[in-house]
Amino acid sequence: MRSLFVGIIFLAGLVMNGCTRDPFPNKSSTEYVKAELAKLAPVELETDLDGLSDGDLKALSRLLEASKIIDELFALQVDPDNPQIRRELQKAQLNDHLALFDVMFGKWNRLVEDEPFLDDDEKPAGAGFYPTDMTKEEFEAFVAEHPDQAAAFKSEFTLIERQEGSLVAVPYHEAYKDKVEQVAALLKQAAQLTDDPTLENFLNLRADAFLTDDYYQSDMAWMDLNGDLEIVISPYEVYEDNLFNYKAAYESFLCRVDHKESVKLVTVAQYLNEMEANLPIPDRHKNFNRGSSSPIKVVNELFAAGDTKAGIQTTAFNLPNDERVREAKGSKKVMLKNIARAKFDKCWIPIVYTILAEEALQHVSFDAYFNHVLMHEMSHGLGPGNITLQNGQATSVRDELKELYSTIEECKADVLGIWNLKFMIDKGVFPPELEESMYASYLGGMFRSIRFGIDEAHGGGVAIQFNFLMEKGAFYVDENGKLNYNKDKFWKAFTELATTVLTLQAYGDYDGAASLIKKYRQYTPVIKNYIDQLKDVPVDIRPIYPLEEKLAALH
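Below, the structure written as structure tokens:
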């Protein structure tokens, strides 16, 4: 009895002295974690609130609260165990690991192809959207056997769960009921506070959408925002679902519109139909049915949450993704200028000075970089969207390309971004001297995206472009080991690449897309060489948002 009593006292002493079991015995070293955090350059984003109405400032406070819940929702979509893992990291005082966990929204390193850093578990391809033991074949077989449930299973706004041995589709507003209701309530409060009637209308409709998962009307209202604030809060992008690219992830952007810069870009939107007509595919595949309302906003980001904040930061976006909205009204292109400038200064400039030939280096410019980003976003709204297969079936590019869609779509937007930038230079919208900058800036900027990892949609899409154009001689390594471009070969190769990608989309050619990805989405010796040279250059930025403090100081 005495020995048992002594043992209990001994164990209690261990606990009191902090000698508890390490909850993460297979975690990566602190040195590794610090090195990964160092790849993201911290940048405090300027938060200019001067001139905003009192109502908009009060609405921003509620929207900031809602955005913090968006962080929680996205964390659950990545991994339902994330809240518990985070508590264990806090309890164990693993502060560096916790910091990396927060940046990555989970235990997988998004900068190194989802390499685990807390244990040895591989990230499920379907993240937290599907049962971890479910295969693609099981999903597809279930849908084939239950065609009446196909729409629910493929919906962007359902989780797939296993209940009593069978797969079921659970709407987001049911799966995340408590948090969704909190977000909706805060959006309603923000709607009551804002002075902007277009924002009020949007927020009321978006609050209703969170409770029903029907975002159509609120997306239509979002297209009409016309005030000082540009607000995005919704499940939108499908990059996190690497199993099918079906499921949308929650995200939020709180931005202030730069009206002066936005006005400069109004002319570009007037050429959308001409851009569509100029695509290098037969006219029968061109999409002139999309709406013509395609506003372009230049904004400065005040806060971001959820999917867009995980790992690599968004520079611009083109939304909504709903083809019904695009056909009715078009899509909105939003350029995050303060994010773009931070990436340019902290990451882009050091990259191009390391890898580009002197001849090319003299032509790089922020304007060429920023305008390619703009045309990239414009190009998401061009080309095939809703398509008809050769057997007469009406479908969409997204549904046919499945998990390959995001990589092919990002590749298309990059390629057409250059294609359309040249078109606009030829039209006289942009100055002729931008053309030389365009080649150099496009080539140099490729390695910023490839460093995100080629399994990520943007990095993978760029790897396809780089390797294809290297193979065709449009890019080459000079005698000094630096990268340069060959204008004489560039446009022939580029036209072939643009036609190839657009044709894959036009026919919903899954096998063709898989072949293109298999052949060109590769870490070639050339890519590896330059990636090694860039090991000390930040991969991206880590924004620091002073918005909460600024708002608190005003009230």
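Numbering (our numbering), first residue to last: -16 to 538.
Think of the CB as a built atom: it goes at the ideal place given N, C-alpha and C, for glycine as much as any other residue.
Source: prediction; values computed, not measured.
With distance defined between alpha-carbon atoms, name the residue in Gln175, Ser149 and Tyr233 nearest to Val163.
For the purposes of this step, residue 163 is taken as residue 180 along the sequence shown, with counting starting at 1. Nearest C-alpha to Val163: Tyr233.
Helix, strand or coil: which one does DSSP assign to Asp523?
Residue numbering aside, residue 523 sits at position 540 when the sequence shown is read from its first letter. Taken through DSSP and simplified to helix, strand or coil, Asp523 comes out as strand.
Would Asn272 be called buried (16 or more neighbouring beta carbons within 10 Å of its own) or exposed?
Taking the first residue of the sequence shown as position 1, residue 272 is located at position 289. Answer is exposed; the Cβ neighbour count stays below 16.
Leu384: which of Gly375, Ile370, Asp397 and Asn374 sits nearest, CA to CA?
Here residue 384 refers to the residue found at position 401 of the sequence shown. Nearest C-alpha to Leu384: Ile370.
Residue from Tyr503, Gly444 and Pro8 with nearest C-alpha to Phe451:
Here residue 451 refers to the residue found at position 468 when the sequence shown is read from its first residue. Each of Tyr503, Gly444 and Pro8 was checked against the Cα of Phe451, and the nearest Cα belongs to Tyr503.
Can you tell me whether Tyr198 is helix, strand or coil according to DSSP?
The residue you call residue 198 lines up with position 215 of the sequence shown. In this structure, Tyr198 counts as coil in the three-state DSSP scheme.
Please work out which residues of its chain come closer than 7 angstroms, Cβ to Cβ, to Gly(-4), disregarding the five sequence neighbours upstream and downstream, and give them in chain order.
For this step, residue -4 is matched to residue 13 along the sequence shown. In this prediction, Gly(-4) scores a pLDDT of 43, lower than 50, which makes its location untrustworthy; the coordinate-derived value is nonetheless stated afterwards. Excluding positions up to five away in sequence, the list is empty.
From the DSSP output, in three-state form, read off Pro303 for me.
Taking the first residue of the sequence shown as position 1, residue 303 is located at position 320. Residue state, collapsed to three classes: coil.
DSSP puts Lys465 in a beta bridge; with which residues?
The residue you call residue 465 lines up with position 482 of the sequence shown. Lys465 pairs with nothing; no bridge assigned.
Quick check: what's the CA-CA separation for Asp471 versus Ser420?
Taking the sequence shown and counting its residues from 1, one reaches residue 471 at position 488. Taking the sequence shown and counting its residues from 1, one reaches residue 420 at position 437. Near 16 angstroms, if we compare the C-alpha coordinates of Ser420 and Asp471.
Verify whether the separation of the beta carbon atoms of Val347 and Ser424 is less than 8 angstroms.
Numbered from its first residue, the sequence shown carries residue 347 at position 364. Numbered from its first residue, the sequence shown carries residue 424 at position 441. It is a contact, given that the beta carbons lie within the stated cut-off.
At what residues does the alpha helix (DSSP H) containing Phe477 begin and finish?
For the purposes of this step, residue 477 is taken as the residue at position 494 of the sequence shown. Counting along the chain, the alpha helix (DSSP H) containing Phe477 begins and ends at Lys470 to Ala489.
Between the Cα of Ile447 and those of Glu479, Asn184, Leu255 and Cys394, spot the shortest distance and give me the residue it belongs to.
Your numbering for residue 447 matches position 464 in the sequence shown. Closest option to Ile447, Cα to Cα, is Cys394.
Under the three-state reduction of DSSP, which class applies to Lys41: helix, strand or coil?
Within the sequence shown, the letter at position 58 stands for residue 41. Residue state, collapsed to three classes: helix.
Identity of the residue in His441, Ala152 and Ala497 nearest Glu223 by Cα
Residue numbering aside, residue 223 sits at position 240 when the sequence shown is read from its first letter. The residue among His441, Ala152 and Ala497 with its C-alpha nearest the C-alpha of Glu223 is His441.
First and last residue of the alpha helix (DSSP H) that includes Glu71?
Residue numbering aside, residue 71 sits at position 88 when the sequence shown is read from its first letter. Segment Asn65 to Lys74, the alpha helix (DSSP H) holding Glu71.
Going by CA-CA distance only, name the one from Asp266, Lys280 and Ala127 that's closest to Leu485.
Reading the sequence shown from its first residue, position 502 is the one you call residue 485. Among Asp266, Lys280 and Ala127, the Cα nearest to that of Leu485 belongs to Asp266.
Please name the residue in Ala167, Ala204 and Tyr422 whose C-alpha comes closest to that of Gly51.
Locating residue 51 in the sequence shown gives position 68, where the first residue counts as 1. Just to set this straight, residue 51 is Lys in the shown sequence, not Gly. Among Ala167, Ala204 and Tyr422, the Cα nearest to that of Lys51 belongs to Ala167.
Got a sec? Which residues, its chain only, sit under 7 angstroms from Leu262 by beta carbon, not counting five neighbours each side?
Along the sequence shown, one-based indexing puts residue 262 at 279. Only Lys269, Leu365, Gly366 and Leu485 meet the Cβ criterion.
Leaving out five residues before and five after Pro415 in sequence, what residues of the same chain have Cβ atoms less than 7 angstroms from its Cβ?
Within the sequence shown, numbered from 1, the residue matching residue 415 stands at position 432. Hits under 7 angstroms: Ile408.
What ranges does the alpha helix (DSSP H) occupy inside the stretch 324 to 367, keeping only unbroken runs of at least 4 residues that lie completely in it?
332 to 338, 341 to 344 and 349 to 363
Once DSSP output is grouped into helix, strand and coil, what is the label at Leu537?
What you label residue 537 is simply residue 554 of the sequence shown in a count that begins at 1. Three-state result, Leu537: helix.
So is Ala287 buried or exposed if we call it buried at 16+ other beta carbons inside 10 Å?
The residue given as residue 287 occupies position 304 in the sequence shown. With 16 or more Cβ atoms within 10 Å of its Cβ, Ala287 is classed as buried.
Rounded to the nearest angstrom, what separates Met87 and Tyr528 at their Cα positions?
One-based indexing of the sequence shown puts residue 87 at position 104. One-based indexing of the sequence shown puts residue 528 at position 545. Spanning the two alpha carbons is a distance of roughly 17 angstroms.
For Asn0, count neighbouring C-beta atoms within 10 Å of its own C-beta (all shown protein chains included) and say buried if the count is 16 or more, exposed if not.
The residue labelled residue 0 in the question sits at position 17 within the sequence shown. Model confidence at Asn0 stands at a pLDDT of 44, short of 50, so the residue's coordinates are unreliable and nothing is read from them.
Pick out whichever of Ser314, Phe185, Arg431 and Glu462 has its Cα sitting closest to the Cα of Asp523.
Here the question's residue 523 lines up with position 540 in the sequence shown. The residue with the shortest Cα to Cα distance from Asp523 is Arg431.
How long is the line joining the alpha carbons of Leu32 and Ile214, rounded to whole angstroms?
In the sequence shown, residue 32 corresponds to position 49, counting from 1. In the sequence shown, residue 214 corresponds to position 231, counting from 1. In a straight line, the C-alpha of Leu32 is about 15 angstroms away from that of Ile214.
If you compare alpha carbons, which of Lys137, Val61 and Ser362 is closest to Asn256?
Taking the first residue of the sequence shown as position 1, residue 256 is located at position 273. Minimum Cα distance to Asn256 is reached at Ser362.
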